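Protein chains: 2
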Amino acid sequence: MSGRTVTIAEVAKHAGVAVSTVSYVLSGKRTISADTRRRVLDSVQALGYHPNAGARALASKRSNVIALVLPLRAGMHVPVLMRFASAVVTAARRFDHDVLLLTADEGTAGIRRVAASALVDALVLMDVELDDLRVPLLRELPEPSVLIGFPAEPAGLTCVDLDFRAAGARCVQHLAERGHEEIALLGAPSVVYDRGTGFATRTREGFVEALGTHGIEGVALPCEETFDEVYETVRDLLLDHPGLSGLVVHNESAVGHVLAALRQLGRRVPDDVAVVAICPDDVAERASPPLTSVLIPAEEVGREAVRLVMDKLEGRVAPDSTLLPPQLAVRASS
Amino acid sequence: MSGRTVTIAEVAKHAGVAVSTVSYVLSGKRTISADTRRRVLDSVQALGYHPNAGARALASKRSNVIALVLPLRAGMHVPVLMRFASAVVTAARRFDHDVLLLTADEGTAGIRRVAASALVDALVLMDVELDDLRVPLLRELPEPSVLIGFPAEPAGLTCVDLDFRAAGARCVQHLAERGHEEIALLGAPSVVYDRGTGFATRTREGFVEALGTHGIEGVALPCEETFDEVYETVRDLLLDHPGLSGLVVHNESAVGHVLAALRQLGRRVPDDVAVVAICPDDVAERASPPLTSVLIPAEEVGREAVRLVMDKLEGRVAPDSTLLPPQLAVRASS
DNA sequence: GCCGGTCGTCGAAGCGCTTCGACACTCTCA
DNA sequence: TGAGAGTGTCGAAGCGCTTCGACGACCGGC
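Order-wise, the sequence lines are chains G and H. If you use this note's numbering, the first sequence closes out at 544, no skipped numbers anywhere. If you use this note's numbering, the second sequence closes out at 544, no skipped numbers anywhere.
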């Protein structure tokens, strides 16, 4: 409320105690009598005291800030990223931390900078590629970090993600159970596979493996994101595979186009072609018809990433790899 | 490179100068001889020195961090937000600042906290509503701030946005010039209008005013975002207005559905119905057919917001209101 | 009644940086 | 030639906080 900024010394004076006592009340690192605690807390309230972040960071060697590194590359599905980001911020606040947003255009220099300057205590990286430039840097950094996604060599790192391999397999299983004998996977744009992005590749692997397990036929194709390209892909797919009756779509931007293309090609969903998507719930629910889907648990992944990074900050050990099991929600499209 | 963290004192010793000299070399706030500067810079390089952010903030009363406040509400178009965010981060780095990401779930308390704790020097707020709870808080905060979007009473604030009123009018002008005499605006979902979000309302106002100017007929409707709802809206619109031949769509999520609905209703674009969108360029280009559009200049707005907030930080005066003029790109849909 | 142990509080020493005033020089120009 | 005006550099005083060691006060056990 006051115009000027309030310091801990003023709180101490107001409460009639030493500065260090105020600090201990606030941090809980030493026992303080109930009476003194009350007086200090009242003074904090009355004066509207907020500890100065810089001073606190300097003295305690903890900034209470974590970095969130977003690459923001082409072909990324942005709404999902945003939900991750939002989940990370919310989860970080639960641990009394704030989130510094870093994008890729500074390259690894940005990561090095915020770490070396003690601006952040730890890092959460999103959209990790199989062969990611940032990974070797992380290994040499003293600050703990957590990756959302998996690089090619995850040993010694801490990675979280949806288990995309299981998700791909789960979709096949679902379609097999429904009696489909020939199916296809429409995946990410080919540029994403070329870049070696893990989640796209792993979904495809799970899909292909499960075909064998269930003894059914199937192909896996990349899928671009404009209507015309999607239309062509779907049309050719149906021409080449007249017996095809099930589709797994792992591409959020394309899924609407796939449905539109099927409509235009005179195929009814799910009567002629069943569709299962791997996408956030709201996208699946908003489609017409609503899609059976494996949801991408952005909130859960974000929360988990923060939990892990906090564990590491506190010196607890974190597992190398955390794979969240896929959840299939059956809706009208299958 | 070294394991431990390097301090300014070590740089000073290495270069054979005083600590303050190193500081002045780095900040440029006093003249330093070319020779000394060289030696210091070499030592900085050799030791891999990065100033400690907390210490710097404490001593200089500047954290070199700005807050970016994202509400992340329902009905927001997320990809656009992300592009704003990314532009803000990039622009901030140009001014040697980092960006702290704040979401709304902490409410105004979060803003108050980061400001009072001197975690940030200034604030950039996105997705401002006509009647925004955060606005009164900003007025009493000593830290400078910039809004992306306009509240109902922008006097004394600094606001940046695309000139949506002009954008709405520009679309009408374009369709009028093409000879269309009855057109419609499909806008944001009704919840967005109900919330009083400025950009939706202002586009509609510009649209309606321009109808009069050009002496043509038109209606403005809200537009939901699922295919089925869009389909119904478009179908009813065409039924109620048989002479309608032009459509302005200001809803990124719905624009694909609008095109699909028109296809399904047997209307060709642009021969039967011309479509003009207000959306980011990539969405317009990716549609089928590619859409004539007024682009939403996310990068430019983000950059401008940062420029303004830096002006205010440096004590320069910033204009209350910055409206970026709309740019119409003519493509195949009109 | 004395000793060792908590418990609650205090004072002071930093954390690593910026910035102010001072000081030794070196130029000017009267 | 000496006052005055820069230059370039230094030392030291904080910035607001955390944390360490110290120290009374009070406790129970012998």
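Glycine included, each C-beta is placed from N, C-alpha and C at the ideal position. Being a predicted model, the structure only gives us computed values, none of them experimental.
If we ignore side chains and look at the alpha-carbon of each, how far apart do residue i and residue j end up?
| i | j | result |
| --- | --- | --- |
| V440(H) | V458(H) | 14 angstroms |
| P261(G) | V227(G) | 17 angstroms |
| T389(G) | A528(G) | With the sequence shown as reference, residue 389(G) is identified as Gly, and Thr is not the correct amino acid for it. When rounded, the distance between both Cα atoms is 42 angstroms. |
| K239(G) | N274(H) | 30 angstroms |
| M336(G) | T407(G) | 12 angstroms |
| D492(G) | L505(G) | 9 angstroms |
| G285(G) | A386(H) | Low confidence applies here, because G285(G) scores a pLDDT of 48, under 50, leaving its location unreliable and the question unanswered by this model. |
| A494(H) | A379(G) | 35 angstroms |
| H224(G) | G320(H) | 26 angstroms |
| L523(G) | L268(G) | 17 angstroms |
| T215(H) | R322(G) | 12 angstroms |
| D342(H) | E514(H) | 21 angstroms |
| S212(G) | V334(H) | Annotation note: pLDDT 45 at S212(G) (below 50); position unreliable, coordinate value reported separately. In a straight line, the C-alpha of S212(G) is about 23 angstroms away from that of V334(H). |
| G264(H) | V324(G) | 11 angstroms |
| T231(G) | Y259(G) | 15 angstroms |
| L278(G) | L449(G) | 45 angstroms |
| F437(G) | T217(G) | 59 angstroms |
| A487(G) | P432(G) | 14 angstroms |
| V290(G) | P364(G) | 23 angstroms |
| T509(H) | A302(H) | In the sequence as presented, Thr is not what sits at residue 509(H); that position holds Glu. Whole-angstrom Cα-Cα distance: 12 angstroms. |
| S237(H) | R344(H) | 35 angstroms |
| A256(H) | L533(H) | 47 angstroms |
| T300(H) | S400(G) | 28 angstroms |
| P404(G) | V235(G) | The displayed chain sequence assigns Asp, not Pro, to residue 404(G). Each residue's alpha carbon lies about 55 angstroms from the other. |
| E350(G) | L280(G) | 20 angstroms |
| H467(G) | R445(G) | 12 angstroms |
| L329(G) | V254(G) | 26 angstroms |
| P540(G) | R496(G) | This sequence places Val at residue 540(G); Pro is not what is there. Spanning the two alpha carbons is a distance of roughly 14 angstroms. |
| L447(H) | P536(G) | 41 angstroms |
| S233(G) | F305(G) | 19 angstroms |
| S544(H) | L538(H) | 12 angstroms |
| H424(G) | T318(H) | 54 angstroms |
So for residue i, helix, strand or coil by DSSP?
| i | result |
| --- | --- |
| D189(H) | Because chain H in this structure spans residues 211 to 544, residue 189(H) falls outside the shown range and cannot be described. |
| D337(G) | coil |
| I358(H) | strand |
| T241(H) | coil |
| A515(H) | helix |
| A470(H) | helix |
| V309(G) | strand |
| A484(H) | strand |
| L533(H) | strand |
| V216(G) | coil |
| G226(G) | coil |
| A365(G) | coil |
| L538(G) | strand |
| S296(H) | helix |
| A497(G) | coil |
| V504(G) | strand |
| A328(G) | coil |
| A256(G) | helix |
| L343(H) | coil |
| G476(G) | coil |
| A528(G) | coil |
| V317(H) | Contrary to the premise, residue 317(H) reads as Gly rather than Val in this sequence. In the structure shown, G317(H) sits in coil (DSSP, three-state: anything other than H, G, I, E or B). |
Whole-angstrom Cβ separation of residue i and residue j, contact assumed at under 8 angstroms?
| i | j | result |
| --- | --- | --- |
| A361(H) | E339(H) | The residue asked about is misnamed: residue 361(H) is Pro in this sequence, not Ala. With 8 angstroms as the limit, P361(H) and E339(H) qualify as a contact, their Cβ atoms being about 7 angstroms apart. |
| D530(H) | C369(H) | 7 angstroms |
| D331(G) | I276(G) | 6 angstroms |
| F417(H) | A430(H) | 6 angstroms |
| P490(G) | A542(G) | The pair is not a contact, with the Cβ atoms about 17 angstroms apart (cut-off 8 angstroms). |
| L472(G) | V465(G) | Going by Cβ atoms, the distance from L472(G) to V465(G) rounds to 11 angstroms, so no, they are not a contact pair. |
| S463(H) | E435(H) | 4 angstroms |
| D373(H) | V511(H) | Going by Cβ atoms, the distance from D373(H) to V511(H) rounds to 11 angstroms, so no, they are not a contact pair. |
| L469(H) | S498(H) | 7 angstroms |
Next on the checklist: Restricting to runs no shorter than 4 residues, where is the alpha helix (DSSP H) found entirely within the stretch 376-460 of chain G?
Outcome noted: As far as the stretch 376-460 of chain G is concerned, its whole alpha helix (DSSP H) runs of at least 4 residues are 400-404, 408-424, 437-450.
Checklist entry - Is there contact here, the stretch 512-527 of chain G with the stretch 354-372 of chain G, by at least three beta-carbon pairs under 8 angstroms? => result yes
Checklist entry - Are at least three pairs of beta-carbons, each pair with one atom in the stretch 450-470 of chain H and one in the stretch 392-409 of chain H, less than 8 angstroms apart? => result yes
Item to check | Inside the stretch 260-285 of chain G only - alpha helix (DSSP H) runs reaching at least 4 residues | outcome: Qualifying alpha helix (DSSP H) stretches, in chain order: 263-270.
Next on the checklist: Any contact between the stretch 470-486 of chain H and the stretch 404-419 of chain H? By contact I mean 3 or more CB pairs, one from each, below 8 angstroms.
Outcome noted: no
Item to check | the stretch 246-257 of chain H / the stretch 239-248 of chain G touching (three or more Cβ pairs under 8 angstroms) | outcome: no
Next on the checklist: For the stretch 291-302 of chain H against the stretch 301-318 of chain G, do three or more pairs of beta-carbon atoms, one drawn from each stretch, fall closer than 8 angstroms, so that the two count as touching?
Outcome noted: Contact annotation: the stretch 291-302 of chain H touches the stretch 301-318 of chain G, with at least three C-beta pairs closer than 8 angstroms.
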